[in-house]
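Chains as they are written, first to last, in the numbering used here: chain S, 1 to 427; chain A, 428 to 854; chain G, 855 to 1281; chain X, 1282 to 1708.
4 protein chains.
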Amino acid sequence: MPASSDRPPSTATGQAPSNLDPGSRGRTGLWLVGARGAISTCVAYGIAGIRHDLIPSVGLPSAYPPLSGLDLVSLDDFVLGGHDVCTRDLSASAGELVAAGILPADLVSMVRDDAARFEAAIRPGILDVAETGFRDLDPRAAALGSLAPAEQSAAIEADLVAFREEHDLDRVVVVYLASTEAAVARQEAWNSGPEFEKAVAAGVPQPASLLYAYAAIRTGSPFVNFTPSIGANVPALMEMAATLGVPIAGNDGKTGETLVKTALAPMFRARALQVLAWQGYNMLGNRDGEVLRNPSHKAAKLESKDAALRSILGGATGATDGPHTQVSIDYVPSLGDWKTAWDFIHFEGFLGAKMSMQFTWSGCDSALAAPLVIDLARFADLAARSGESGALTHLGCYFKSPLQSREHDFHRQMEALYAYAQKHTAR
Amino acid sequence: MPASSDRPPSTATGQAPSNLDPGSRGRTGLWLVGARGAISTCVAYGIAGIRHDLIPSVGLPSAYPPLSGLDLVSLDDFVLGGHDVCTRDLSASAGELVAAGILPADLVSMVRDDAARFEAAIRPGILDVAETGFRDLDPRAAALGSLAPAEQSAAIEADLVAFREEHDLDRVVVVYLASTEAAVARQEAWNSGPEFEKAVAAGVPQPASLLYAYAAIRTGSPFVNFTPSIGANVPALMEMAATLGVPIAGNDGKTGETLVKTALAPMFRARALQVLAWQGYNMLGNRDGEVLRNPSHKAAKLESKDAALRSILGGATGATDGPHTQVSIDYVPSLGDWKTAWDFIHFEGFLGAKMSMQFTWSGCDSALAAPLVIDLARFADLAARSGESGALTHLGCYFKSPLQSREHDFHRQMEALYAYAQKHTAR
Amino acid sequence: MPASSDRPPSTATGQAPSNLDPGSRGRTGLWLVGARGAISTCVAYGIAGIRHDLIPSVGLPSAYPPLSGLDLVSLDDFVLGGHDVCTRDLSASAGELVAAGILPADLVSMVRDDAARFEAAIRPGILDVAETGFRDLDPRAAALGSLAPAEQSAAIEADLVAFREEHDLDRVVVVYLASTEAAVARQEAWNSGPEFEKAVAAGVPQPASLLYAYAAIRTGSPFVNFTPSIGANVPALMEMAATLGVPIAGNDGKTGETLVKTALAPMFRARALQVLAWQGYNMLGNRDGEVLRNPSHKAAKLESKDAALRSILGGATGATDGPHTQVSIDYVPSLGDWKTAWDFIHFEGFLGAKMSMQFTWSGCDSALAAPLVIDLARFADLAARSGESGALTHLGCYFKSPLQSREHDFHRQMEALYAYAQKHTAR
Amino acid sequence: MPASSDRPPSTATGQAPSNLDPGSRGRTGLWLVGARGAISTCVAYGIAGIRHDLIPSVGLPSAYPPLSGLDLVSLDDFVLGGHDVCTRDLSASAGELVAAGILPADLVSMVRDDAARFEAAIRPGILDVAETGFRDLDPRAAALGSLAPAEQSAAIEADLVAFREEHDLDRVVVVYLASTEAAVARQEAWNSGPEFEKAVAAGVPQPASLLYAYAAIRTGSPFVNFTPSIGANVPALMEMAATLGVPIAGNDGKTGETLVKTALAPMFRARALQVLAWQGYNMLGNRDGEVLRNPSHKAAKLESKDAALRSILGGATGATDGPHTQVSIDYVPSLGDWKTAWDFIHFEGFLGAKMSMQFTWSGCDSALAAPLVIDLARFADLAARSGESGALTHLGCYFKSPLQSREHDFHRQMEALYAYAQKHTAR
């Protein structure tokens, strides 16, 4: 298969850093939290496959114009590592994905060495406070789980620093990919950096995603949260990221049904069609789906999925209230990683005519998510080299709940990214 | 139902015309070719309903921000007239639309006077050369059909001038809404204005839509072609429109399945997903569908529907050839005006994963088309007042085959319209 | 519109009753509980429309061969009455159904007299114990609600007897059509007739549907429960019905999604295809949907919808457990009476190939239910004339939870009904 | 994977043949015409997989009650052979099916020996007269193509006899699985056996499927036509089959969309719902689809798909004409063997309410067809042992155009098969 990518040349520029002049591209660590999950596995095998010219870059937006014109880190220069709480090794995950028809069997056998190097760099992670009954739990992760938050954070930081030093990396980008954590009440201490640090020191339990974000920021590592978990989305961490000059991005990768929703809804608004109801019914059968059987995890996920639509359509045609929207999720084990969603849109047009549209999306979640993770890591790296810090609002197109942005219209989000790319390419 | 429109104030500005300063808004004639068809009927009852505050402006984009901020002609200032080749009167068309659940019965009875005024201004039109076996054909239209092209064109011009004078109108906008005409071979004479005029004078038969465009342009009337028929889309007429300062717009209103396609396809391109196949299957049961049973009419329609997709997706991910696309149309009488389309999109993502999306669109064609016709008439009127002439490329979002434009991405088309609106509002 | 029915001749046979020789067909009362609801309104206008030859019998199975060959009561010989707890009159219900595009406006105006006669025979009913916050509640119904169960039952009986006597009816068939009542714990006393009568006498509160069934049986009136509420489905009432020679039928009309499920599932079984998952997502916007927002009502409904599938597919291909099935229902007000359901079927075939089927059902619930109510009343009347009593198992095809039957395969249910018809026709 | 089949015991009965007493089950040849096509490949690997207990019998109806109670030939006793016109070997076909996710890779490697034995028994076949431009054509098949019909038939017969003798088989069942041949005009000579034999002797060209049927019948081999090609469906061959005591079955396997149609349509009839339109849109990407690009082949296929619906629904509710039905087929290469069909059903119910149902069927054609081929071979063998001859009408459930039967209702067809099974089991 001929690689259709349009990768930037690998000669580094060597110029002094400035806003539009990213510093020298060296080797960048890509640290995946949830390193043996389906998405991380696809990231690892995908990067290896492209490196060895075994697969094309289809599905990877940063490999095509206009984004490929940017001075992004080459896939050749990524070094992978990560945290996980399970003991099964990467090849077990890969085997599952081969059986599910997602990873090609020959790819897995041809990049065995790359996978082994990644596997060697996976360290035991910390469990989310609410996580229970996990299969094949790593006893070292369980041990970390009983430590105080400050000790947990310190352990993560130590792993990140050790990884950077061992591989002589210019920087490490942390991407959070662990399963959705339980919805938690906001803590007062999350509103300011010093208060938060006090709470951590005092042993107040914190969600795992928040501790990961904290550790990443403290070590100067750009942090990307691809899940609906809270991550860096609290004022305390936003503040620290700005102060320490660390770029952050999130939350919740926009991979499937929500992507389609935010690409379609603007059409109804543009045509002044009044959406009466937009109902979404999702089925998924992977670990993510299993975790969502827990109602408190489900609540976090659904909130994230529903907001975008209200934001795009709310009051579009003068109706005082927005459309009736509901999102349901059911766990259907036989589907595995092949998520299937059905959406029904009931709308009114001219003369009161009531019409409808319905769509079924059958997508492979991991294959959709993995290239976005790679893109985000490349963009976070570019931002760090360019001296950007805090929430990277030009990356809104990648997320269901973009940090510090109310724009959910996918096309406007893409225009914003293209405008950013043009500014950075025009130098 | 409260009218949710945001209509511009009806005080005219009275300033001298300039590019960004449209002249005084007076009374504008809206001349509908195919005046008793379903779309025209919805246009007439819709305008009357909004005027009398009986229906909201839902579905009419020009009634909402940002377009409502423009100095568009008020719906109160439209005077309706048109051509048709049938004898049945407007109330028969309205009755059919009530039975089909499209026009509300009470609206029809409450605006009877407005409908009667429109009916009084409908004149016999000319038949397309290929048209045969039409039911309830107006014998006067049949008589016109036997005249030479120059006489036909002169008859149309006379009707347009008489309408303008009788109602003391500032200008007449002609919107072509007749059934799709048969595909015809391009004539050499269409390439230049003088050659075309010679051919008409010499009696070379011309498609009806072309004669209508010719007559409109000669009388200085903006011409909008909402059908896939050829209309003004030949160099000869483009040239005349530019020379005589007449704005033109077309072809083929983007109301349903193609609208969705061009709103969705950019999402696949933006995510670097490779569309392998995009198949569309359309069912329609109205007169348009009946005409499409004639294979030569169908060919014209399908060509128009298929091009947009190739333009948006062609070569997006480096594939040498674009996606496999096909559009089928079947006539299903029981559906009447409720067009139903099913689209299937087969696509490849990262790691070669093959995924699919499918959607069903159930829309009422006339209720979708009518407000776009009103918008187009308002924009064509604004363009004429602003001294614009030739193809109005900022109106691409309204058409399947926008004149002199290769942009089919619906969102980019909307951005172009909004940019135009901003320029005109900012004065 | 030509009536396409095949109605039995109206000459009564006058022979002595025997199992296969129903007694003289006289006038039969059709007593609708929930008399002003959407289904009852469609029953009333539908019967009137067919009587006056204004509509065809489409949708009414008993009007076509082979069922039309039976000696069923003529629609001309039905006299309508019923109970309701609301004050709004029938014409208000009819108006809503006209607005929703279900009842034709001209039909409503042409059978005004028939509707008025039905309206005059509607009496205040009793509320279900759990019913609260009902709009336009009839104060007389509210007063009945505060009485002891024995008094409530006596009031219903008095209404039934008065109706029979006033109109000189041979018998009254009671059809229960009230909104789904809350799920209730089974009472020990429901297991035997005498115990149940003791409980009623002692003032133990009973679900409304059960009291209606009790009153019907005590007055010798055949009882049909078209809802998922409990009705006569307790041993105590089954026993009384057998003892008193009263035919009963139920529960829960099989009108839409479940009908399709039970018609399709046998195909998978016949082909030895292993259904892995069958997920159903339902949207409805009528009063029924509103009531279902109450979780305890929803539970009763879902249980009824899910059992059929397990019964048909359970263990079909040797799998130890049946397929993964789930049914979800959401309330979508804009849909009104137009119920829309999406079902997804994931199945495995030969060589382990995983395939899928999905369907969308868009049906008008009342228009689907009303003719089945008429059929059931005709069959219950025939059974009474034929001396049949207890659960009418040949009517299983009409119900989601057929009384005393485990057969859910729609085609086998139809074969059973046709066999019954053949036996009764062959005389 | 545990085999869930319920295979009959392998002890032969050894009794004298009689109608309900099939003769001794010995070894049966299964001769597949189109031996290297996708269906044959699935048949071969499927039989081998079940023999070696590597796959369950899911999808194979004859492996489950009540059919498993019959004295059918054991899969262990089948010996495979066949004809093909291509040179590529079976493992190439198997490789394609593995890549398409249909055949499990490990199954293919584990039954390599069985596949090699089958491969060794494949002989060059004859081309259909209209076949042109075939890839990887076997030169021996091309040579056979230039012979006279009588010589072609003799060559086939010789292959069948040699296969039977070489493997010491009790009988050979021929299953015709070659690609759909071009529609041809009926020949007068097809109406009688002697006339047909004269025409063959005189060198009148004949469709390949007809010559295969002729050869099979002449050698006393039961003949099953799983394709829409003509096969034995002419009076001349019917007559010979009856005279020579040869069972025949066909035409056109009912595997996917038509299966669903004939399972669903009876539901509409049973509920007296008037189907206004039933539109089917099919996409397929395998060799079958490629052949269908040829319009004359497509015509044969579509006729076969459309008749069933008319037969089940025609005049059901007194409408003088049946529903409006259309079937479209498009070739979509990216889908490969995964056929996807969308059906739209527009129907009218009580009170004139217009409703709709739509379904999407995504099935793997070969995996659906292969087990039916095995079933048919077992039933044809049982029929031969039981002394049955001519069209086996109890096998109608397997075909789109069952020979000598007008019953298309899938459920009634199943009842007929179950009745046959009961009669044969009851001995």
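Positions of the beta carbon are idealized from the N, C-alpha and C atoms, including for glycine.
Interface flag, residue i vs chain X, CB-CB below 7 Å
i	result
F1213 (chain G)	yes
T865 (chain G)	Note on T865 (chain G): pLDDT 31, under 50, position unreliable in the model; no value is reported.
M422 (chain A)	Residue 422 (chain A) lies beyond the residue range present for chain A, which begins at 428 and ends at 854; the question has no answer from this structure.
G1168 (chain G)	no
G1217 (chain G)	yes
S573 (chain A)	no
Within chain G, partners of residue i - CB distance below 8 Å
i	result
L1632 (chain X)	C896, Y899, G900, G903, I909, G913, I956, L957, P958, L961, A1221 and A1224
V1541 (chain X)	L1118, M1121 and M1211
Spatial neighbours of residue i in its chain, beta-carbon cut-off 7 Å, leaving aside the 5 residues before and after
i	result
A265 (chain S)	L309, I312 and L313
W338 (chain S)	S362 and C364
A1004 (chain G)	V1054 and A1055
S1615 (chain X)	G1566
L534 (chain A)	Y472, G476, L481 and I482
Residues of its chain near residue i, where Cβ-Cβ distance is below 6 Å and the 5 sequence neighbours each way are ignored
i	result
W705 (chain A)	L736, P750, T752 and I772
F972 (chain G)	A898 and L934
M1521 (chain X)	G1474 and I1498
S1609 (chain X)	Y1562
T1294 (chain X)	Confidence at T1294 (chain X) is low in this model, with a pLDDT of 32, below 50, so its placement is unreliable and no value can be given for it.
Contacts of residue i in chain A (Cβ-Cβ under 9 Å)
i	result
L1557 (chain X)	V759, P760, S761 and L762
Cross-chain neighbours of residue i in chain G, by beta carbon under 9 Å
i	result
P1547 (chain X)	A1117, F1264, H1265 and M1268
Under 7 Å by beta carbon: chain G residues contacting residue i
i	result
T340 (chain S)	F1198
CB contact below 7 Å: residue i versus chain S
i	result
A697 (chain A)	yes
Q1180 (chain G)	yes
Sequence-distant residues of the same chain with beta carbon closer than 8 Å to residue i, five excluded per side
i	result
Y1030 (chain G)	V887, G888, S1063, Y1066, A1067, F1077, V1078, N1079, F1080, T1081, S1083, G1085 and G1104
P1347 (chain X)	Y1699, A1702, Q1703 and T1706
Partners in chain A for residue i, counting only beta-carbon separations shorter than 7 Å
i	result
Q1487 (chain X)	Going along chain A, no residue has its Cβ under 7 Å from Q1487 (chain X), so there is no contact; the nearest lies around 34 Å.
E348 (chain S)	V485
Amino acids of chain A, ordered along the chain, whose beta-carbon sits closer than 8 Å to that of residue i
i	result
A63 (chain S)	A699
9 Å Cβ cut-off: residues of chain S touching residue i
i	result
E684 (chain A)	Going along chain S, no residue has its Cβ under 9 Å from E684 (chain A), so there is no contact; the nearest lies around 10 Å.
Neighbour flag for residue i against chain G, beta carbons, 7 Å
i	result
Q152 (chain S)	no
M283 (chain S)	yes
Interface partners of residue i on chain X, CB under 7 Å
i	result
Q706 (chain A)	M1564, D1611 and V1613
#### Entry: alpha helix (DSSP H) segments (min. 4 residues) lying fully within the region 501-576 of chain A
517-526, 532-537, 539-547 and 566-572
#### Entry: Contiguous alpha helix (DSSP H) assignments of at least 4 residues, all confined to the region 877-923 of chain G
892-905
### Query
In chain order, which continuous runs of the beta strand (DSSP E) of length 3 or greater are located wholly inside the region 171-253 of chain S?
171-176, 223-225 and 247-250
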